[in-house]
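Working notes for the structure below.
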Amino acid sequence: MPKRHAGQEGDIAVRLTHDEALVLSEWLDRLQNAGLRPLVEHGGEVVAIGALVGRLDELLAELFDPRYRDLVVAARSRLVEGYEPDPLEGL
Numbered sequence: 584m585p586k587r588h589a590g591q592e593g594d595i596a597v598r599l600t601h602d603e604a605l606v607l608s609e610w611l612d613r614l615q616n617a618g619l620r621p622l623v624e625h626g627g628e629v630v631a632i633g634a635l636v637g638r639l640d641e642l643l644a645e646l647f648d649p650r651y652r653d654l655v656v657a658a659r660s661r662l663v664e665g666y667e668p669d670p671l672e673g674l
């Protein structure tokens, strides 16, 4: 269990849809595999990202499903339904 630090007032909860959690988990995994070093400024950010990835991994049974890639593709598609223009165009 991670140690608690002075100044922490307790845990917070973030609610995500299942599709959001699956897509976010996949993206964070790719981000970690690509190398976080150019994107982070402090070790605390690495710890926070690792905690988020770990928690998502605990909750998502799809990670072990042989159809994982297809499930991620479907979740991504559902998330952008109804968005005009494509959210990617705004980056």
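Each number in the working numbering corresponds to the 1-based position in the sequence shown with 583 added. In this text, a Cβ means the ideal position worked out from N, Cα and C, and glycines have one as well. On a predicted model such as this, the values are computed, not experimentally measured, just so you know.
N- and C-terminal bounds of the alpha helix (DSSP H) containing residue i
{"i": "H601", "result": "H601 to A617"}
{"i": "E641", "result": "G626 to L642"}
{"i": "Y651", "result": "Y651 to V663"}
Cβ-Cβ distance between residue i and residue j below 7 Å
{"i": "P617", "j": "L639", "result": "Contrary to the premise, residue 617 reads as Ala rather than Pro in this sequence. No, Cβ-Cβ distance for A617 and L639 is not below 7 Å."}
{"i": "L611", "j": "V636", "result": "yes"}
{"i": "S608", "j": "L662", "result": "no"}
Residue i CB to nearest heavy atom of the ligand NAP below 6 Å
{"i": "E664", "result": "This structure simply doesn't include the ligand NAP, nor any ligand for that matter."}
Selected residue, minimal CA-CA separation from residue i, among the options
{"i": "I595", "options": "P649, D648 and A634", "result": "A634"}
{"i": "L646", "options": "V606, Y666 and L619", "result": "V606"}
{"i": "H601", "options": "Y666, E667 and R659", "result": "R659"}
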